[in-house]
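Under the working numbering, the first residue of the sequence shown carries the number 82, and numbering increases by one thereafter.
Below: one structure, written as structure tokens.
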Amino acid sequence: MTANVEIYTKFACPYCVRAKHLLDSKGVTYTEYDVAMGGAKRAEMVARAPGAQTVPQIFINDVAIGGSDDLRALDAQGKLDGLLGVGGAQ
């Protein structure tokens, strides 16, 4: 079963673009929240990932993964596909 993936982003954020590209390359659908203007979604992001001040903030099945570098590290360690519920062979 495919994981529930959520990503908090800002427009023109290169780290956000990189993280979304990696998720796209895995064929994963995700829900994206733009927090550029602050507001309720930014407050939600900070509540879900205490101390998080930067974007992207990525959640897989309601677990805070961190940012783009954290996502890439999980992929490099071979752990990302399992978390996402996708096959390892692409």
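Ideal Cβ placement from N, Cα and C applies to all residues, glycine included.
From the DSSP output, read off the bridge partner residues of THR112. GLU87
Residue range of the alpha helix (DSSP H) that ALA93 falls in? Run containing ALA93: none; DSSP gives neither H nor E here.
CB THR135 to CB TYR96, shorter than 9 Å? yes
For ALA124, is the classification buried or exposed, using 16 other Cβ atoms within 10 angstroms of its Cβ as the cut-off for buried? exposed
Proximity to LEU164 [Cα-Cα], best of TYR89, THR90, GLN138 and LEU104: LEU104
Buried or exposed: which applies to VAL86, given that a residue is buried once 16 or more other Cβ atoms fall within 10 Å of its Cβ? buried
If you run the structure through DSSP and keep just helix, strand and coil, what is GLY120? helix
At which residues does the alpha helix (DSSP H) containing GLY163 begin and terminate? 161–165
Host alpha helix (DSSP H) of ALA157 (start-end): 149–157
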